[in-house]
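Inspection log for the structure reproduced underneath, given as structure tokens.
There are 4 protein chains.
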Amino acid sequence: MNLPDVVTLSPTPDDYAYTFGGRAPLVTVRPGTVVELTTEDCFGGRVRGFADLPSAVCAFPYLNPVTGPIAVAGAEPGDTLAVHFVEITPARDWGVSSTFPHFGALTATHTTAMLHAPLEERVWVYELDTAAGVCRFRARNSDFTAELPLDPMHGTVGVAPAGGETLLSITPGAHGGNLDTPEMRAGTTAYFGVNVPGGLLAIGDGHARQGEGEVCGTAVETAMRTTVVVDLIKGGGPAWPRLENDRYLISTGSARPLEDAFRISQHDLVCWSGELLGLDVLDAYQLVSQAGLAPAANVCDTNYTMAAKLPKSLLGRTRAYDGLHDRLRETAATYLRGR
Amino acid sequence: MNLPDVVTLSPTPDDYAYTFGGRAPLVTVRPGTVVELTTEDCFGGRVRGFADLPSAVCAFPYLNPVTGPIAVAGAEPGDTLAVHFVEITPARDWGVSSTFPHFGALTATHTTAMLHAPLEERVWVYELDTAAGVCRFRARNSDFTAELPLDPMHGTVGVAPAGGETLLSITPGAHGGNLDTPEMRAGTTAYFGVNVPGGLLAIGDGHARQGEGEVCGTAVETAMRTTVVVDLIKGGGPAWPRLENDRYLISTGSARPLEDAFRISQHDLVCWSGELLGLDVLDAYQLVSQAGLAPAANVCDTNYTMAAKLPKSLLGRTRAYDGLHDRLRETAATYLRGR
Amino acid sequence: MNLPDVVTLSPTPDDYAYTFGGRAPLVTVRPGTVVELTTEDCFGGRVRGFADLPSAVCAFPYLNPVTGPIAVAGAEPGDTLAVHFVEITPARDWGVSSTFPHFGALTATHTTAMLHAPLEERVWVYELDTAAGVCRFRARNSDFTAELPLDPMHGTVGVAPAGGETLLSITPGAHGGNLDTPEMRAGTTAYFGVNVPGGLLAIGDGHARQGEGEVCGTAVETAMRTTVVVDLIKGGGPAWPRLENDRYLISTGSARPLEDAFRISQHDLVCWSGELLGLDVLDAYQLVSQAGLAPAANVCDTNYTMAAKLPKSLLGRTRAYDGLHDRLRETAATYLRGR
Amino acid sequence: MNLPDVVTLSPTPDDYAYTFGGRAPLVTVRPGTVVELTTEDCFGGRVRGFADLPSAVCAFPYLNPVTGPIAVAGAEPGDTLAVHFVEITPARDWGVSSTFPHFGALTATHTTAMLHAPLEERVWVYELDTAAGVCRFRARNSDFTAELPLDPMHGTVGVAPAGGETLLSITPGAHGGNLDTPEMRAGTTAYFGVNVPGGLLAIGDGHARQGEGEVCGTAVETAMRTTVVVDLIKGGGPAWPRLENDRYLISTGSARPLEDAFRISQHDLVCWSGELLGLDVLDAYQLVSQAGLAPAANVCDTNYTMAAKLPKSLLGRTRAYDGLHDRLRETAATYLRGR
């Protein structure tokens, strides 16, 4: 296998985007290109200690910077843009998390509008130990500490939306965006339907780790050094983002209420698996009902996101997208050997 | 360790209950008693083949029979009734699943009321091979087959509701009931707040396995031979059902919309873990946000159910409910050795 | 027209019911009987001033007492129980309202579970001036006062639920119950599907007036002297409560999320009007879409309730339920003249 | 009073916008200017008879054209843009309505994703008789006809969104947009928070009339000749669109689930009325709870919209926005006299 093209993308502070759509590409790459990129954390790196309350140091709409967009040569509406995550490595030895006024799953928000004052805004600082593979939680109001497994991922990955829309990077939807699913880790391939020429991929919101649901509204936020392979399939663009790793097919849905996010993700998984296995829709509905997993991704963002997972062991020799995930795995291995 | 008391409970068809509440106990047991019981499937055993459409052979409200209630001597409102599942074994070598008119996550229902005709009502029959540990799916409209891991569980476990209510056994809620979470498998201890003298535990709705969300509305339904240890903690009754296995603390929430089920389960897990670890509520919120799992249980029943899971590795030497789960594990082992 | 039978029903404190279902009737009446009854307020009359915080003076589940049940001779499952409200008159010259911890539309609740402390619990006392037709609001933290039109109604009207369920009187549903719609005023006929022999009607929760949505969780609560005509139609029991006044057909739906309450009410109104006007379902859908009204009833109870209204002017000479509303209007007039 | 400036705006087909945001203004006007404009219907005028199925003759995203944007000189982020509707007159003697595949309140949709085939797509044609003040409904599958009161309004009125977003004109939100409330009729003043210089007002989606909820997804759609007065208040930009007519203050909320739309609208009305009347938040909560109305606006769009209404009779001599509504009424009268 030939060495893939490699492109690097290290945005300056002024380069960051805060929306999907509405931006010219920073770079255009050929399908199959490896992109080495850096991302800033969701606070733009401005929350560095307990005193840096996000509501004081961050200003709307300059939240959740994303790196990109990256145009893929030849991508046309209706195509499928594939992004394989090769490596996601924290760029700092610390991460932060916080509550934020009127944001999160267990607080009144601007849309779940109530008469309560905001919960306390509090910052937590995590030590990230990549050698040990842990991030260290320290309680603020007691001496409790815990080591949690490092599990780096990107909360925000997506393409330009359909219909000429420009959406804040904090919003998840059919274009991807702020899905905030822990499944978006190294070893995963994500598939997006292309809505505009070039597709216009952008990536941000690195998490050293994240619980399912991102309950308090933020994960262990940190800057990342990330390597992806970007590829293109002509046609076949999925209506909602799909993910694939070595063990699972994963459909996502982003909507409110949460059951609609669930419905979208399950509906897509029923259709996807039915198509792959030659099942009619009710047989696929039955199979997914008994064999599927359904973890929450986020229940805090402007849309909520659910994931629907089916073990690939059910597929036999069938491969989604004609085996692209396996080929991207090989590209990644070739790249890593050649580095 | 002394051998525990053992009671058997094999209801006749007339013995089955279809509600939580509103029934006199079939039996009263002392705390710590092992109960060997049998349960019928959610269709009352009347769906035995493709031609047995549930809407034709089952009559509301005689759906989802439960075995019980079992009164626990000394249980008073405010106490905690604990049920440890020792064994859950399919009582047949087959199970069934089906769609049902206007029931399920991807169909119009009587409350998500729409103008669509019902989806096709279709029955699937699974071969249950306990020796091989699999249940065999056969598509109805193709020759596709698949072996899924056998993972027996009970969809319906609960106590009499508070406030004098009598609720259909198909409804999940604060009293437990039709939670339909795959976590209710052997090796798990479930905790319920006691609302009436005796608590009045009932168990039913065995599933040879179930996907998360129980998308189509039914799992691989089968009759079960099940052994539980029933125990009592004075006081401390949780507001919502909690589960514990060797690896996780699990809170549940049952409500609509699905985000409220999520909120309840996460809120309870924050409070529970905060209390166990001596964390204030925001520190516990943060810990759960980064370390927790949030799988769907059911998104089809009259309330939806979410589970919130926290690894017990975070607890150090702390034990929930003063280590009752470990002791019930020992009771189960003693019972199994003595059988 | 002959004078109708008249029965009086004035429960003592021990007579009140707190559930629908699970109670023997206080009285059995023949169809067409006028029932003069009294109801206590939702606090059982225990909140009489600013210092009587409901959470202190009321004890779950002794909330929202209802008068009844009243059995209707000959009522069988599947029939339609009709209740025409002749008069609803405050039995006191004062009413109260309050916030209540974790109850209401703009607060975290036990199911919309959040980490906020409850809002302040505050009581308001209204002067009810039936002569002037007003209730006088006085702000607690300023000297603002306002006169609001008196518009007496019952928040809670319903029958025994289906399936052997017993439900708290605070819950609205297919059986009626705590619908909390201002449409339940004098001059209105309500129709309920009968689920058990006798139907078992109960009425309570008088409001001197109520805004749409009952936002803070309580209305202007007061005891009532109320006169109804109770009647029976063999067959035709509606799936959800329906109301009719001189100008509107009104369908109700009670569920969560609120769009499901909306869907149920609109679906029923589409079916009801389609049947009355001989329209196919899509033509009825279209007519309701352009001609209907859709006010919120309550968005605070254990289920939310929406009303769907269609002007009877569209019906031409067609009459719902074969003109029963008009006949009950006449019965009411005969009774009032004869009193 | 001097005659106001009058500007006319009659877009050609190429002039129409399909988004809020992302467009340069067609015209800039001074505060207080009367704008006479024309709007096309939501189908772009392409649905003219039974055979013109919208899914065949309309192409995403060219749906719901809006006229504008209109920049208001001096409008800066944080200001309040006021639009007073002087006249809304159907520009044709016919209007159309339709079902649309997977769109509407009583059908599976792309987000309330289900396995049902779409409902039948059907077009209805209404005769609009402005002289008689009626629109004539004709059933498609029977000979039923009905005359409904003409009540012209605009479904879509809004400004450029915050945060650099560009949103499809079919979406309602904090910026206004496709609110689809029948309250947006002549005689009403709407207030929007300004997010970008000039505010960038756009108007479209004329309805000859609309039921509350817009249940089937479309109203009686028609082109309009509409006159508005556009004005500016420095500062005070509301978080969500507000409306005012001679009798009511009206807050709106647009979100999913529907209870969040309700919460937003009620929260805003509580704050708005509290501020006007000098009430603390709980006293205002109480007043709105007893005196407010809460009709559905739309329960079919990408967000749902609720309205929250409070009678202005409660305000005494207090006037919202310093009496601007009354002054715009006078401007309108002056304009009409001078025409």
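Residue numbers (the numbering used here), protein chains in the order written: chain A, 87 to 425; chain B, 87 to 425; chain C, 87 to 425; chain D, 87 to 425. Note that beta-carbon positions come from the ideal geometry of N, C-alpha and C, so glycine has one too. Please read all numbers here as calculations on a predicted model, not as lab measurements.
Item                                                                                                                                 : Value
Separation of Ser-340 (chain D) from Leu-236 (chain A), as counted between CA atoms                                                  : 39 angstroms
Rounded Cβ spacing between Val-243 (chain B) and Ala-294 (chain B) (contact assumed at less than 8 angstroms)                        : Rounded, the Cβ-Cβ distance is 16 angstroms, inconsistent with contact.
Start-to-end residues for the alpha helix (DSSP H) that takes in Pro-176 (chain D)                                                   : Unbroken run through Pro-176 (chain D) is the beta strand (DSSP E), 166-176; no alpha helix (DSSP H).
Minimum C-alpha distance to Gln-296 (chain B) - residue among A:Gly-284, A:Leu-396, A:Thr-312, A:Val-169                             : A:Leu-396
Simplified DSSP state of His-202 (chain B), which is helix, strand or coil                                                           : coil
Cutoff 7 angstroms; reference Arg-109 (chain C); Cβ partners in own chain excluding five residues on either side                     : Ala-103, Pro-155
Arg-271 (chain D) vs Leu-214 (chain D) beta-carbon contact at 8 angstroms                                                            : no
Contact list for His-196 (chain C) against chain A, beta-carbon separation under 8 angstroms                                         : Here the premise fails: no neighbours, minimum Cβ distance about 13 angstroms.
Cβ-based burial, Ser-375 (chain A) [other Cβ within 10 Å; buried from 16]                                                            : buried
The ligand HEM heavy atom lying under 7 angstroms from the CB of Gly-322 (chain A)                                                   : For the structure depicted, the ligand HEM is absent and the ligand set is empty, with no information on it obtainable.
Distance, Gly-378 (chain A) Cα to Thr-153 (chain B) Cα                                                                               : 28 angstroms
Interface flag, Tyr-334 (chain C) vs chain D, CB-CB below 8 angstroms                                                                : no
Among B:Asp-317, B:Ala-199, B:Gly-262, nearest to Asp-346 (chain C) - alpha-carbon criterion                                         : B:Ala-199
Beta-carbon spacing of Pro-111 (chain C), Ala-157 (chain C) below 8 angstroms                                                        : yes
Start-to-end residues for the beta strand (DSSP E) that takes in Glu-213 (chain B)                                                   : 209-215
Backbone secondary structure at Ser-141 (chain A) - three-state DSSP                                                                 : helix
Selection of the region 366-377 of chain B by Cβ proximity to chain C, strictly under 8 angstroms                                    : Val-367, Leu-368, Tyr-371
Under 8 angstroms between C-beta atoms of Gly-251 (chain A) and Leu-254 (chain D)                                                    : The displayed chain sequence assigns Glu, not Gly, to residue 251 (chain A). Yes, these two residues count as a Cβ contact at 8 angstroms.
DSSP bridge partner residues for Thr-184 (chain C) (one or two, in chain order)                                                      : The sequence given here has Ser at residue 184 (chain C), not Thr. Answer is C:Val-209.
Within-8 angstroms CB hit, Ala-199 (chain D) to chain B                                                                              : yes
Any C-beta of chain A under 8 angstroms from that of Pro-140 (chain C)                                                               : no
Spatial neighbours of Ser-228 (chain C) in its chain, beta-carbon cut-off 6 angstroms, leaving aside the 5 residues before and after : none
Reduced DSSP category for Phe-223 (chain B) - H, G, I as helix; E, B as strand; rest coil                                            : strand
Stretch-stretch touch, CB-based, cutoff 8 angstroms, three pairs: the region 294-314 of chain B with the region 180-189 of chain B   : yes
Coil, strand or helix - Gly-190 (chain A) by DSSP                                                                                    : coil
Per-residue burial, Glu-126 (chain D) [other beta carbons within 10 Å of its own, 16 or more giving buried]                          : buried
Below-8 angstroms beta-carbon distance, Ser-228 (chain A) vs any chain B residue                                                     : yes
6 angstroms CB neighbourhood of Asn-331 (chain A) in its chain, flanking five on each side removed                                   : Gly-273, Thr-274
Within 8 angstroms, strictly: CB atoms of Leu-335 (chain B) and Phe-230 (chain A)                                                    : no
Contact with chain C by Thr-119 (chain A), beta-carbon distance below 8 angstroms                                                    : no
8 angstroms Cβ cutoff met for Gly-135 (chain A) and Pro-147 (chain D)                                                                : no
Secondary structure of Tyr-102 (chain B), DSSP reduced to three states                                                               : coil
Span separating the alpha-carbon of Gly-259 (chain C) from that of Leu-401 (chain A)                                                 : 44 angstroms
When C:Tyr-390, C:Pro-97, C:Pro-283 are compared against Asp-164 (chain C), the one with the closest alpha-carbon                    : The question names Asp, but residue 164 (chain C) is Gly in the sequence shown. Minimum Cα distance to Gly-164 (chain C) is reached at C:Pro-283.
Range of the contiguous alpha helix (DSSP H) that encloses Arg-423 (chain A)                                                         : 410-424
Same chain, Cβ closer than 8 angstroms to Thr-175 (chain A), five either side skipped, listed in chain order                         : Thr-216, Pro-238, Met-310, Arg-311, Thr-312
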